[in-house]
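A quick write-up on the structure given underneath.
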Amino acid sequence: MQGEQAGSSLKLLPVHLYVLLHLKKAGVDYAKMMAKVSGLPLDLINDAIRDLMEAGFIERDPGSAIKRSKARFKKVFEVHKHHTYYRLSRKGELFLRSFDPREYFNSLLPNGWEVVRALAERRNVNELDLDMETVEELKVYRFITEKGRKTEFFRVLSDFLSF
């Protein structure tokens, strides 16, 4: 159920999960900031936002100004919006409450939960005894670089998941 999400045709990829977790932590935020924090290309974040909006997990935040109490990553009390801000929808909030990272990562990779947790605790993938297929999948999901180092995206995602 974690990979194929509750009643939707969206296959939840790690970038989708990152956007959901980012919005849970931030309250509201915009695509460019999510790309900056994660180190992922803006186009990839925009595609994930579009997918999540179509699936009903996130929505646009209305209004022309935003207060820090609502956007927890903002440093000033209130700012006028110069971007399109997004927030979790009710469906997204309910999904994250029932989200099981063990089940999710095990659906992505063989022994996914153990692999991801072990990678979070080490400097790079070379310190793990993994088969080449798993290493390639970690690259596809943007968890590691071509040289086997953890990406900024993986660091932020693992921080959000509190490994």
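According to our numbering, the residues represented by the sequence shown are 41 to 203, in order.
Note that beta-carbon positions come from the ideal geometry of N, C-alpha and C, so glycine has one too.
Taking the straight line between their C-alpha atoms, what separation do you get for residue i and residue j?
i    : j    : result
G155 : V55  : Checking the displayed sequence, the identity of residue 155 turns out to be Val instead of Gly. So the two alpha carbons sit approximately 18 Å from each other.
Y125 : R163 : 34 Å
E161 : N151 : 16 Å
D91  : I98  : 9 Å
G52  : Y181 : In the sequence as presented, Gly is not what sits at residue 52; that position holds Leu. Computed Cα separation, rounded: 11 Å.
E191 : V165 : The sequence given here has Thr at residue 191, not Glu. Each residue's alpha carbon lies about 11 Å from the other.
E133 : K64  : 8 Å
For my contact list, residue i and residue j are in at a C-beta cut-off of 8 Å; report their separation, rounded to the angstrom.
i   : j   : result
I89 : A66 : Not quite, the Cβ-Cβ distance comes to about 13 Å (not below 8 Å), so this is no contact.
I need the boundaries of the beta strand (DSSP E) containing residue i, first residue and last residue.
i    : result
R127 : Y125 to L128
K68  : Sequence check: residue 68 is Val here, not Lys. Here the beta strand (DSSP E) through V68 covers V68 to Y70.
Quick one: using the 10 Å Cβ neighbour count with 16 as the cut-off for buried, is residue i buried or exposed?
i    : result
M172 : exposed
S49  : exposed
Go ahead and pull the three-state DSSP assignment for residue i.
i    : result
R182 : coil
R162 : coil
K190 : strand
The alpha helix (DSSP H) spanning residue i covers which residue range?
i    : result
E94  : L82 to A95
R100 : Note, R100: premise wrong, no alpha helix (DSSP H); beta strand (DSSP E) at I98 to R100.
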